[in-house]
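Going down the list, the sequences are from chains A and B. Heads up, the first sequence is in the numbering used here, so the first residue is 6 and it goes up one at a time. Heads up, the second sequence is in the numbering used here, so the first residue is -12 and it goes up one at a time. Data first, discussion second: the structure below is written as structure tokens.
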Amino acid sequence: MTPDYDVIIVGAGPAGMASAITARQSNLSVLVLDDQPDHGGQVWRNIRQNQQHHQMRAFLGKDYWKGHQLTKDFLNSGSDITHQAVVWQISHPLSLSVTIAGIAQSLTARAIILATGAYERPVPLPGWHLPGVMTVGAAQTLLKASSSGADGAVFVGTGPLFYLTITQYLDAGFSIAGVCDTGARLNSLSTLAALPLALTQPNMLRKGLSWLRRIKAETPYYAHVSDIRLEGKEQVEAVAFAYGKGKTKENMHIPSSHVFLHQGVIPNVNLSMASGLAHQWHHRQMCWHPVCDRHGASSVEGIYIAGDAGGIAGAGAAVASGHITGAAVAKALTRATSPKRALWQHRIKRLHHRALRPFLDQFYAPLPETLIPRDENTIICRCEGLTQAEVTTAIGMGVAGPNQLKAYCRAGMGRCQGRMCGLTVQALLADHHKTPIQDMPYYRLRPPVRPVTIAELAALHQADHDISG
Amino acid sequence: MFRQLDTPSSEITIFWEDRPLSAYQGELVAAVLLRHGIHSTHHGQSTGSRGPYCMMGVCFDCLVDVDNQKAIQACQIIANDGMRLNRHMNMAGTGHTHDA
Ligand code: FES
């Protein structure tokens, strides 16, 4: 049976769009499945509509509008594009199960590219489950998708997205009640060691510094923030924290009904893990990466990874990596080679964008109290409402690893399938057993990676039966 | 409370627990709720009140009931005129609810 498509790409963010464009240049048939309402991924979210209000929404910034050309090329590439399509399983040889508008179907391809991007590292602080507490990325999404923001919010965290979003908030004219900076520690040898390479990208460094300068001047800014608690009953009412260093440390309390958290981003690996691809622990980024070669070929024949789904490097690197992987797939399927010059340009671009990353990873490393929560009442597993005390009690009963933990306390068995608790559970287990973190496995993930209804499954089986029968 | 900077498109009406809310064509349901001060969209026996956290489909804390469908992610769907929304109640005591 001939496959439905030569290439199916999961995700229409920077990497997914770039790989579609390149694959189409070799005349391959391409289907792009994306779970969001429109293309652009999280970085260029809603760019099609925002373009029409360009003047009014200038606050989104230069880097955002850079996405315009690529999205235009993508729409003109001749790829089939389906949005609000939720892929929940990949089977071998290459077929994929997807739900579109409530109907499940199975599609086959000669190659699959996973460009599933990244999501924000969970921030298990006391009270992070309260309504009104959201991620900084969520605040930015509301700005892009709905041109709305909240006055009087408190931003807690660190990292490029953190400073960028605050700057966008300022440009859009929202008042900010506090910026609690948990990062920017120039205190380790490894951070200093990463600096020379970062200095090869002075423009990007300068951009970061100008954001910070502006935030310090225009908001109530607190540096070296720790001991954070989000307080409130039915919803968040205040942020309590300490700031400053050593003897100058002081406590602070800011009332607010909107708190935005950020501790960096991590690859979205649920689908790649559940599809049986090999993964490895990345020390510097403190998360799992799928194992792949420099073209994006994974450990499973025919499945490729492009962009941040393979490791965090940002939108610029994701575009380059999408083109590189698109070319690799074209070569594998048609033996056609892409023009050498274009390919080298993408490789060089990717190198440039990656040069800053080791420094950023170290400088904006997550706050230790968010990696291993010490407060007993902090929610670890949001879906099941499990606290740190409940999880550590279960671990103390002799649980060796994350999968066994599920049987003891249901951690990781809710709808999000470990996305919000997986790394914390791994860290708590490693801490308890005094095991190096990389030796403690992650949850064993199985498809479907999204909740699927019985009706959907039944319909899928019926369809399969109709085809084979 | 979230406020909108500009008027992006034509106005429509959706209903939250029978209360009419003004929304815009193409607006995310979670965004509409937040603009009207509704932070808590679902309630679970073991979790208490929850509302949108990630706005990108990964946390599953923005669940609402939409027309006749239960436990839909409010950050993943677009508002339609006349849409009827209700707080999603999960009294099963676990994060799994019955969808069908
Ligand atoms: S807000 Fe996280 S899934 Fe909707």
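Quick reminder that beta carbons are idealized off the backbone N, C-alpha and C, glycines included.
* CB contact below 7 Å: B/Gln(-9) versus chain A -> Taking the second sequence and counting its residues from 1, one reaches residue -9 of chain B at position 4. Yes - at least one Cβ of chain A is within 7 Å of the one on B/Gln(-9).
* Might you give, ordered along the chain, the residues of its own chain that have their beta carbon closer than 7 Å to the beta carbon of B/His26, omitting 5 neighbours on each side? => Numbered from 1 along the second sequence, position 39 holds the residue referred to as residue 26 of chain B. Hits under 7 Å: Gly38.
* Would the C-beta of A/Tyr124 count as close to the ligand FES, meaning under 6 Å from any of its heavy atoms? -> Your numbering for residue 124 of chain A matches position 119 in the first sequence. The answer is no for A/Tyr124.
* Using a Cβ-Cβ distance under 7 Å, would A/Glu236 count as near chain B? -> The sequence position of residue 236 of chain A within the first sequence is 231, counting from 1. Not closer than 7 Å to any Cβ of chain B, the Cβ of A/Glu236 fails to qualify, so no.
* Pocket of the ligand FES defined by Cβ to heavy atom distance under 7 Å -> A/Ala143, B/Ala17, B/Pro39, B/Tyr40, B/Cys41, B/Met42, B/Met43, B/Gly44, B/Val45, B/Cys46, B/Phe47, B/Asp48, B/Cys49, B/Gln60, B/Ala61, B/Cys62, B/Gln63
* To do: In angstroms with no decimal places, state the Cα-to-Cα distance between A/Gly213 and B/Ala58.
  => The residue given as residue 213 of chain A occupies position 208 in the first sequence. The residue given as residue 58 of chain B occupies position 71 in the second sequence. A/Gly213 and B/Ala58: Cα-Cα distance of roughly 40 Å.
* To do: Have a look at A/Arg299 and A/Ser34 and give me their C-alpha separation to the nearest angstrom.
  => The residue labelled residue 299 of chain A in the question sits at position 294 within the first sequence. The residue labelled residue 34 of chain A in the question sits at position 29 within the first sequence. Their Cα atoms are separated by approximately 24 Å.
* Please go through the same chain and pick out, in chain order, the residues whose beta-carbon is closer than 6 Å to the beta-carbon of B/Ile1, but skip the five residues on each side of it. => Within the second sequence, numbered from 1, the residue matching residue 1 of chain B stands at position 14. So the list reads Leu8, Ala10, Ala66, Met70, once near-sequence residues are dropped.
* In chain B, which residues lie less than 8 Å from A/Ser153 when you measure between Cβ atoms? -> Your numbering for residue 153 of chain A matches position 148 in the first sequence. Result: Phe(-11), Arg(-10), Gln(-9), Leu(-8), Ala18, Leu21, Arg22.
* Any C-beta of chain B under 7 Å from that of A/Met22 -> As a working mapping, residue 22 of chain A is identified with position 17 in the first sequence. Closer than 7 Å to the CB of A/Met22 there is not a single CB belonging to chain B.
* To do: Label A/Thr342 either buried or exposed according to how many other C-beta atoms from any shown protein chain fall within 10 Å of its C-beta, with 16 as the threshold for buried.
  => Against the first sequence, residue 342 of chain A aligns to sequence position 337. Exposed, since its Cβ has fewer than 16 Cβ neighbours within 10 Å.
* State the CB to CB distance for the pair A/Ile385 and A/Asp436, rounded to an integer number of angstroms; the pair is presumed to be in contact (CB under 8 Å). => Indexing the first sequence from 1 puts residue 385 of chain A at position 380. Indexing the first sequence from 1 puts residue 436 of chain A at position 431. The pair is not a contact, with the Cβ atoms about 13 Å apart (cut-off 8 Å).
* With 7 Å as the threshold, decide whether the Cβ of A/Cys421 is near any Cβ in chain B. => The residue you call residue 421 of chain A lines up with position 416 of the first sequence. Yes, its Cβ sits closer than 7 Å to a Cβ of chain B.
* Please name the residue or residues paired with A/Ile26 in a DSSP beta bridge. => One-based indexing of the first sequence puts residue 26 of chain A at position 21. Looking at the DSSP assignment, A/Ile26 forms no beta bridge with any residue, so it has no partner.
* Just confirm the distance between the C-beta atoms of A/Ala155 and B/Met42, as a whole number of angstroms; I'd bet it's less than 8 Å. => Taking the first residue of the first sequence as 1, we reach residue 155 of chain A at position 150. Taking the first residue of the second sequence as 1, we reach residue 42 of chain B at position 55. So it is not a contact: roughly 13 Å between Cβ atoms.
* Write down the C-beta distance between A/Ala323 and A/Gly312 rounded to the nearest angstrom, noting that I regard them as a contact closer than 8 Å. => Position 318 of the first sequence holds residue 323 of chain A. Position 307 of the first sequence holds residue 312 of chain A. Indeed, because the Cβ distance is near 4 Å, the residues count as touching under 8 Å.
* Could you tell me whether the stretch 222 to 242 of chain A touches the stretch 103 to 117 of chain A, where touching means 3 or more Cβ pairs closer than 8 Å? => no
* To do: Identify each residue in the stretch 441 to 454 of chain A for which the Cβ-Cβ distance to at least one residue of chain B is less than 7 Å, and report them in chain order.
  => none
* Asked: Between the stretch 27 to 59 of chain B and chain A, which residues of the former have a C-beta closer than 9 Å to a C-beta of the latter?
  -> Ser27, Thr28, Gly31, Gln32, Ser33, Thr34, Gly35, Ser36, Arg37, Gly38, Pro39, Tyr40, Cys41, Met42, Met43, Gly44, Val45, Cys46, Phe47, Asp48, Leu50, Gln56, Ala58
* Asked: Is any beta-carbon of chain A found at less than 7 Å from that of B/Leu15?
  -> On the second sequence, residue 15 of chain B is found 28 positions in, with the first residue counted as 1. Judged by the 7 Å Cβ criterion, B/Leu15 is in contact with chain A.
* With burial defined as no fewer than 16 other Cβ atoms inside 10 Å of the residue's Cβ, what is the status of A/Gln57: buried or exposed? -> For the purposes of this step, residue 57 of chain A is taken as residue 52 along the first sequence, with counting starting at 1. Around the beta carbon of A/Gln57, a 10 Å sphere encloses fewer than 16 other beta carbons of the protein chains shown; the residue is thus reported as exposed.
* Give the interface partners of B/Ile65 over in chain A, defined as CB-CB distance under 7 Å, in chain order. => Within the second sequence, the letter at position 78 stands for residue 65 of chain B. Here the neighbours are Pro42.
* Asked: Expressed to the nearest angstrom, what Euclidean distance is found between the alpha-carbon atoms of A/Ala17 and A/Arg211?
  -> Your numbering for residue 17 of chain A matches position 12 in the first sequence. Your numbering for residue 211 of chain A matches position 206 in the first sequence. For A/Ala17 and A/Arg211, the distance between alpha carbons rounds to 30 Å.
* Exposed or buried, B/Ser(-4), counting other C-beta atoms within 10 Å across all chains shown (16 or more means buried)? -> To locate residue -4 of chain B, count along the second sequence from 1; it is residue 9. It counts as exposed.
* Going along the chain, which residues of its own chain have a beta-carbon closer than 6 Å to the beta-carbon of A/Pro453, five neighbours each way excluded? -> Start at 1 with the first residue of the first sequence, and residue 453 of chain A comes out as number 448. Correct list, in chain order: Trp93, Gln94.
* Do you know how far the Cα of A/Ala25 is from the Cα of A/Gly45? -> Here the question's residue 45 of chain A lines up with position 40 in the first sequence. Here the question's residue 25 of chain A lines up with position 20 in the first sequence. Computed Cα separation, rounded: 13 Å.
* Could you tell me which chain B residues have their CB closer than 7 Å to the CB of A/Pro272, listed as they occur along the chain? => For the purposes of this step, residue 272 of chain A is identified with residue 267 of the first sequence, where counting begins at 1. By Cβ distance, chain B contributes nothing, its closest Cβ being about 12 Å from A/Pro272, past 7 Å.
* To do: Answer with buried or exposed for A/Arg451, where buried requires no fewer than 16 other C-beta atoms within 10 angstroms of its C-beta.
  => Within the first sequence, numbered from 1, the residue matching residue 451 of chain A stands at position 446. With fewer than 16 Cβ atoms within 10 Å of its Cβ, A/Arg451 is classed as exposed.
* To do: Decide if B/Glu4 is buried, meaning its Cβ has at least 16 other Cβ atoms within 10 Å, or exposed.
  => Within the second sequence, residue 4 of chain B is the residue found at index 17, counting from 1. Its Cβ having fewer than 16 others within 10 Å, B/Glu4 is exposed.
* **Start-end ranges of the alpha helix (DSSP H) lying completely within the stretch 95 to 139 of chain A, minimum 4 residues** => none
* Pairwise C-alpha distance: A/Val128 and A/Thr458 -> Looking up residue 458 of chain A in the first sequence gives position 453. Looking up residue 128 of chain A in the first sequence gives position 123. So the alpha carbons of these two residues sit roughly 30 Å apart.
* Between the stretch 168 to 186 of chain A and the stretch 61 to 68 of chain A, do three or more beta carbon pairs fall short of 8 Å? -> yes
* To do: Name, please, each residue of chain B whose Cβ falls closer than 7 Å to the Cβ of A/Pro136.
  => As a working mapping, residue 136 of chain A is identified with position 131 in the first sequence. In chain order: His26, Ser27, Ser36, Arg37, Gly38.
* State the start and end residues of the unbroken beta strand (DSSP E) segment that holds A/Pro363. => Your numbering for residue 363 of chain A matches position 358 in the first sequence. Looking at the DSSP string, A/Pro363 is not in any beta strand (DSSP E); the run it does join, the alpha helix (DSSP H), is 362 to 368.
* With a 10 Å radius around its C-beta and 16 neighbouring C-beta atoms as the bar for buried, classify B/His29 as buried or exposed. => For the purposes of this step, residue 29 of chain B is taken as residue 42 along the second sequence, with counting starting at 1. Result: buried.
* Under 8 Å (Cβ pairs) to chain B, residues found in the stretch 398 to 420 of chain A -> If the cut-off is 8 Å between Cβ atoms, the stretch 398 to 420 of chain A has Arg415, Met418, Gly419, Arg420 near chain B.
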